[in-house]
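*Asks:* At position 326 of the sequence shown (counting the first as 1) the number is 326 in the working numbering, and the numbers step up by one without a gap.
The C-beta atom is built at its ideal place from N, Cα and C for all residues, glycine as well.
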Amino acid sequence: MIKNDNVKNRFLSVVKWLWLLLVIAGAIYYFYDHQEEITRLISELSPLRIASSLGLLLLGKALIVLLVQFSIKTEGWDQNFSRTIGLYGITSMGKYIPGGVWHFVGRISAYRLKGLNAKQITRVLILENYWLLSSAIAFGLLAIIAGRFNLITDLLNIPATSLLQIGLAVIVIVTWAVSLFFLKSWMGRRTLKPLPSVPLIMVVGVSLWSLIGASFFVMFSNTDLSTAPLFGGGYAISWAIGYLAVFAPGGLGVREAVLAWLFASVAPVEFIAVYAAMNRIIWLVAELFYGLIGLVQKQEILVGNAENKPRGDDVDDSPSHEIEIDEAR
Numbered sequence: 001m002i003k004n005d006n007v008k009n010r011f012l013s014v015v016k017w018l019w020l021l022l023v024i025a026g027a028i029y030y031f032y033d034h035q036e037e038i039t040r041l042i043s044e045l046s047p048l049r050i051a052s053s054l055g056l057l058l059l060g061k062a063l064i065v066l067l068v069q070f071s072i073k074t075e076g077w078d079q080n081f082s083r084t085i086g087l088y089g090i091t092s093m094g095k096y097i098p099g100g101v102w103h104f105v106g107r108i109s110a111y112r113l114k115g116l117n118a119k120q121i122t123r124v125l126i127l128e129n130y131w132l133l134s135s136a137i138a139f140g141l142l143a144i145i146a147g148r149f150n151l152i153t154d155l156l157n158i159p160a161t162s163l164l165q166i167g168l169a170v171i172v173i174v175t176w177a178v179s180l181f182f183l184k185s186w187m188g189r190r191t192l193k194p195l196p197s198v199p200l201i202m203v204v205g206v207s208l209w210s211l212i213g214a215s216f217f218v219m220f221s222n223t224d225l226s227t228a229p230l231f232g233g234g235y236a237i238s239w240a241i242g243y244l245a246v247f248a249p250g251g252l253g254v255r256e257a258v259l260a261w262l263f264a265s266v267a268p269v270e271f272i273a274v275y276a277a278m279n280r281i282i283w284l285v286a287e288l289f290y291g292l293i294g295l296v297q298k299q300e301i302l303v304g305n306a307e308n309k310p311r312g313d314d315v316d317d318s319p320s321h322e323i324e325i326d327e328a329r
């Protein structure tokens, strides 16, 4: 069993590197072949729009940090928000180390130093990632249903009617809410403290993707406000698909392809490619900002405090426990 897992991990690692090389080579060729249009588009990017995009992204990421804080509180780690920002920032930088899982490794190490055992860490990671991923999918679908319903009806080859549009929106909301209630019920029987209410998680999820989607939308000049739901929802869906594409480090290439497909009727491909690339850079700057906060707080974050270590009924400090993790974004 262990041997099969090792072979699987090695194969996935090779696929990730091949995909990364393929995407980089394709991007270089594409940008070279369209350099005039791309140079013009880059020159049209105003510093104000870039700054606005960064500001909105930082606010959106602050709400991701809030989800992290919610998750660790369920296991008795009552850490203040500013230190949770540092924890999120310093561990998130690990995703840029080859291998794609080092941010998870860093987060697990920090949790372990604070006294959480393997089962508690697993629950914390499940909660945080499910809240984030489910909110991206739900928000993205709702925004596209509201802003570009024809994309869904064309894909499914069904007639577009107002009744169907409302019905699908209700189905998405109910499905999301039911899944969160189920998670709360299932996890709530195992965690040290109660989980946050489902409405609170839904509000935070919608708010964070509204801000992150807006950070992408404001980069585009001369864009009608009515297309904002498409930009916000499309960005959330592209992030979710990139998250699930374990062969693509950081969703590289996958997110951009999804964005190009969603916005094909709104803007030329090279237009979307340039702004998607710029958004990648802005995303990196935002993570560097939070990473710097983490470096400043490193001693407080990573040094265990015996007096504040949470303890559950299933505590087992044995280092032999392994936590199976997938690549996060």
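Whole alpha helix (DSSP H) runs in the stretch 225-278 with 4 or more residues, listed along the chain?
*Replies:* Complete alpha helix (DSSP H) runs here, min 4: 228-244, 254-262.
*Asks:* Just list the alpha helix (DSSP H) runs in the stretch 133-177, keeping only unbroken ones of 4 residues or longer that don't cross its boundaries, in chain order.
*Replies:* Counting whole runs of 4 or more residues, the stretch 133-177 contains the alpha helix (DSSP H) stretches 149-156.
*Asks:* Can you name the start and end residues of the alpha helix (DSSP H) that residue 83 belongs to?
*Replies:* The residue given as residue 83 occupies position 83 in the sequence shown. 81-92 is the extent of the alpha helix (DSSP H) around residue 83.
*Asks:* Judging by CA-CA distance, which residue of 238, 257, 226 is the nearest neighbour of residue 139?
*Replies:* Stepping through the sequence shown from its first residue, residue 139 is reached at position 139. Looking at the Cα atoms, 238 is the closest of the given residues.
*Asks:* Note down the Cα distance separating residue 179 from residue 169, rounded to an integer number of angstroms.
*Replies:* For the purposes of this step, residue 179 is identified with residue 179 of the sequence shown, where counting begins at 1. For the purposes of this step, residue 169 is identified with residue 169 of the sequence shown, where counting begins at 1. Approximately 16 angstroms, taken between the alpha carbons.
*Asks:* Is residue 49 closer than 7 angstroms to residue 278 when the C-beta atoms are compared?
*Replies:* Position 278 of the sequence shown, counted from the first residue, corresponds to residue 278. Position 49 of the sequence shown, counted from the first residue, corresponds to residue 49. Taking 7 angstroms as the Cβ cut-off, residue 278 and residue 49 do not qualify as a contacting pair.
*Asks:* Rounding to the nearest angstrom, what Cα-Cα distance links residue 88 and residue 82 in this structure?
*Replies:* Position 88 of the sequence shown, counting from 1, holds the residue named residue 88. Position 82 of the sequence shown, counting from 1, holds the residue named residue 82. Rounded to whole angstroms, residue 88 to residue 82 spans 10 angstroms at the Cα level.
*Asks:* Buried or exposed: residue 188, going by 16 or more other Cβ atoms within 10 Å of its Cβ?
*Replies:* As a first step, residue 188 must be located in the sequence shown, where it is residue number 188. Residue 188 comes out exposed.
*Asks:* By a C-beta neighbour count over all protein chains shown, 10 Å radius and 16 as the cutoff for buried, is residue 80 buried or exposed?
*Replies:* Within the sequence shown, the letter at position 80 stands for residue 80. Label assigned to residue 80: exposed.
*Asks:* On the three-pair Cβ rule with 8 angstroms, is the stretch 201-211 touching the stretch 137-157?
*Replies:* At 8 angstroms Cβ cutoff, the stretches touch.
*Asks:* Please list the terminal residues of the continuous alpha helix (DSSP H) segment that includes residue 66.
*Replies:* Translated into positions along the sequence shown, residue 66 becomes position 66. Residues 47-73.
*Asks:* So, is residue 201 buried or exposed, given that buried needs 16 or more other C-beta atoms within 10 angstroms?
*Replies:* Counting from one through the sequence shown, the residue named residue 201 turns up at place 201. So residue 201 ends up on the buried side.
*Asks:* Name the two residues that bound the continuous alpha helix (DSSP H) containing residue 211.
*Replies:* Numbered from 1 along the sequence shown, position 211 holds the residue referred to as residue 211. Where residue 211 is concerned, the enclosing alpha helix (DSSP H) stretches over 198-217.
*Asks:* If we ignore side chains and look at the alpha-carbon of each, how far apart do residue 55 and residue 129 end up?
*Replies:* Your numbering for residue 55 matches position 55 in the sequence shown. Your numbering for residue 129 matches position 129 in the sequence shown. Between residue 55 and residue 129, the C-alpha separation is close to 23 angstroms.
*Asks:* Less than 8 angstroms between C-beta atoms, sequence neighbours within five positions excluded: which residues of the same chain meet that for residue 69?
*Replies:* As a position in the sequence shown, residue 69 is number 69, starting the count at 1. Within the same chain, residue 69 has close Cβ partners 79, 81, 84.
*Asks:* Just to confirm before moving on: does the CB-CB distance between residue 241 and residue 260 stay below 7 angstroms?
*Replies:* In the sequence shown, the residue the question calls residue 241 occupies position 241. In the sequence shown, the residue the question calls residue 260 occupies position 260. Contact flag unset, no.
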